[in-house]
């Protein structure tokens with residue numbers, strides 16, 4: 019038993035180097051040969067936010083406090099989710115050349131992608147907090163709670179990445195299907211509107227959408243100024259773990275078969 | 027001690043997915059239970075074993091399954107049937123120069139490749155200079171990888187893969203890397219590793235090379251094992267087979 023644990027630790031240590039190199043590569047590649055480089059991580063969500071704010075404030079902003087932050091919270095979380103899962107889906111196929119020639123654990127490519135989108139998310143998060151301060155919401159120690167939904171979302175993304183990357187190897191159409199799916203999910207995530215316009219029953223249905231749960235956590239902490247209810251905490255973890263476990267099972271079952279396809 | 031043992035190893039690729047057959051048909055067939063995966067058998071019942079320090083030459087015409095065999099032994103691909111045992115750390119050089127990232131610099135690529143081959147960061151920091159020196163790419167260190175010529179690319183790949191002392195070495199058509207000078211150097215390096223007692227698998231179309239270096243020869247044709255045994259005997263048979271064609 020001790021031997022086995024030692025072996026696992028050895029393995030992780032061995033791949034720690036590869037892992038950090040892969041994250042570095044993803045990051046360097048993303049903005050290679052662009053003039054603004056890393057600023058795009060900040061600029062693109064900002065531009066998106068401006069357009070949404072200009073268009074929607076009139077319709078939805080009247081009865082929502084701190085509407086800009088409300089919008090930004092939704093956008094921030096949703097972009098992270100979309101970016102990370104899309105990257106995860108392509109992670110195996112875009113590294114097919116390497117996977118075919120060198121014996122490395124394939125999931126590392128996927129997880130490194132997830133981590134580099136998480137770093138990207140971190141950059142946007144800084145801008146988010148600047149907006150929060152400018153909008154007159156004072157900083158509170160409660161904000162440290164936000165680590166919780168971020169970690170859950172990261173785990174959730176890794177799980178989705180496992181599922182999508184496995185599917186993508188076998189069934190290429192998944193990329194278009196997933197595109198439509200995320201688009202629809204965005205409308206169901208209450209990014210720019212407030213769910214209070216719906217009846218209680220329908221409001222509850224929104225919690226079936228994991229992304230909405232994570233967004234809600236953010237809004238409650240930052241705008242609402244409260245610690246979310248215990249069941250929201252549970253929901254965050256349950257979604258994350260359920261998807262991760264499903265993903266891992268699918269990956270474990272099919273990962274050696276990828277080689278027969280690519 | 028047996029270093030490599032393969033027992034009735036088979037590999038089949040899956041050809042044709044939903045696109046060839048149409049999703050509708052696939053679903054209907056799956057429901058009916060008549061769905062059969064179309065397969066292409068790349069290797070069919072390969073059996074051989076190698077002792078420590080032996081050099082196996084693998085011969086066969088194009089598409090015989092030589093590269094697939096290398097992939098199976100290096101652990102990249104899991105065989106669809108059969109059992110195998112491979113003892114010792116492996117350095118496999120398959121199709122050099124691919125799998126690098128054109129956008130990154132030579133230096134970044136070297137570290138990335140080193141990490142993939144399972145080297146530690148310390149090791150890479152220590153040996154980086156000798157890798158670049160061996161590849162004769164010192165002045166290109168900070169160039170983009172895509173700006174290198176294909177010969178330079180394979181030189182770098184070769185240098186990274188060979189600076190360790192592997193117990194098992196797998197060479198897929200790589201002893202013809204780079205220009206004349208480098209070729210000599212790389213062959214010398216290879217011989218050094220082989221002489222130090224590494225078990226080697228060498229895929230080559232040069233029968234002269236196989237005759238010179240191999241202690242055992244495996245001949246495969248269209249995935250099937252034609253023969254395995256002493257170098258001279260099998261090379262002579264193969265020679266005859268080629269002439270008849």
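Protein chains in written order, with the numbering used here: chain F, 19 to 280; chain P, 27 to 271.
All residues carry an ideal CB built from backbone N, CA and C; glycine is no exception.
Using the beta-carbon of each residue, which ones in chain F are nearer than 8 Å to residue i?
i                      : result
residue 137 of chain P : 39
When you compare only the Cα positions, how much space is there between residue i and residue j?
i                      : j                      : result
residue 98 of chain F  : residue 39 of chain F  : 22 Å
residue 242 of chain P : residue 261 of chain F : 51 Å
residue 86 of chain P  : residue 103 of chain F : 44 Å
residue 139 of chain P : residue 173 of chain P : 18 Å
residue 78 of chain P  : residue 29 of chain P  : 6 Å
residue 146 of chain P : residue 228 of chain F : 39 Å
residue 221 of chain F : residue 234 of chain F : 12 Å
residue 144 of chain P : residue 100 of chain F : 32 Å
residue 48 of chain F  : residue 105 of chain F : 11 Å
residue 147 of chain F : residue 72 of chain F  : 20 Å
residue 128 of chain P : residue 186 of chain P : 17 Å
residue 223 of chain P : residue 165 of chain F : 53 Å
residue 95 of chain F  : residue 174 of chain F : 12 Å
residue 191 of chain P : residue 100 of chain P : 16 Å
residue 272 of chain F : residue 125 of chain F : 12 Å
residue 250 of chain F : residue 211 of chain F : 20 Å
residue 258 of chain F : residue 37 of chain F  : 22 Å
residue 286 of chain F : residue 213 of chain F : Since the displayed chain F opens at 19 and closes at 280, residue 286 of chain F lies outside it and no answer follows.
residue 54 of chain P  : residue 204 of chain F : 33 Å
residue 124 of chain P : residue 176 of chain P : 10 Å
Classify residue i as buried or exposed, calling it buried when 16 or more other Cβ atoms lie within 10 Å of its own Cβ.
i                      : result
residue 239 of chain F : buried
residue 245 of chain P : buried
residue 201 of chain F : exposed
residue 27 of chain P  : exposed
residue 155 of chain P : exposed
residue 23 of chain F  : exposed
residue 226 of chain F : exposed
residue 5 of chain P   : Since the first and last residues shown for chain P are 27 and 271, residue 5 of chain P lies out of range.
residue 158 of chain P : buried
residue 38 of chain P  : buried
residue 119 of chain F : buried
residue 159 of chain F : exposed
residue 212 of chain P : buried
residue 278 of chain F : buried
residue 265 of chain P : exposed
residue 187 of chain F : buried
residue 230 of chain F : buried
residue 179 of chain F : buried
residue 177 of chain F : buried
residue 156 of chain F : exposed
How would you list, in chain order, the residues of chain F whose beta-carbon sits under 7 Å from the beta-carbon of residue i?
i                      : result
residue 125 of chain P : 115, 116, 119, 120
residue 120 of chain P : 119
residue 40 of chain P  : 278, 279
Across which residues does DSSP place residue i in a beta bridge pair?
i                      : result
residue 275 of chain P : Outside the shown range of chain P, which is 27 to 271, sits residue 275 of chain P, and nothing can be said about it.
residue 77 of chain P  : P:28
residue 195 of chain P : P:117, P:226
residue 256 of chain P : P:242
residue 70 of chain P  : P:250
residue 82 of chain P  : P:227, P:242
residue 33 of chain P  : P:109
residue 4 of chain P   : Shown here, chain P extends from 27 to 271; a query on residue 4 of chain P therefore has no answer.
residue 40 of chain P  : P:65
Chain P partners of residue i, CB-CB under 7 Å?
i                      : result
residue 219 of chain F : Going along chain P, no residue has its Cβ under 7 Å from residue 219 of chain F, so there is no contact; the nearest lies around 35 Å.
residue 35 of chain F  : 141, 146, 147
residue 274 of chain F : 104
residue 50 of chain F  : 129
Strictly below 8 Å CB to CB, what residues from chain P border residue i?
i                      : result
residue 43 of chain F  : 127, 130, 134, 138
residue 32 of chain F  : 144, 146
residue 46 of chain F  : 129, 130, 134
residue 277 of chain F : 97, 102, 103, 104
Tell me which residues share the same chain as residue i and place their Cβ nearer than 7 Å to its Cβ, disregarding the 5 neighbours each side in the sequence.
i                      : result
residue 237 of chain P : 257, 261
residue 182 of chain F : 103, 106, 107, 192, 196
residue 150 of chain P : 137, 140
residue 59 of chain F  : 138, 141, 142
CB-CB under 8 Å to residue i, same chain, minus the five flanking residues each way: which ones, in chain order?
i                      : result
residue 198 of chain P : 92, 93, 96, 118, 119, 120, 121, 229
residue 83 of chain F  : 241
residue 105 of chain P : 35, 36, 37, 69, 98
residue 66 of chain F  : 93, 97
residue 65 of chain P  : 38, 39, 40, 41
Counting only the same chain and skipping the five closest in sequence on each side, list residues whose C-beta sits under 6 Å from that of residue i.
i                      : result
residue 92 of chain F  : 209, 233
residue 126 of chain P : 135, 171
residue 113 of chain F : 127
residue 135 of chain F : 101, 102, 105
Along chain P, which residues have their Cβ under 9 Å away from the Cβ of residue i?
i                      : result
residue 270 of chain F : Here the premise fails: no neighbours, minimum Cβ distance about 13 Å.
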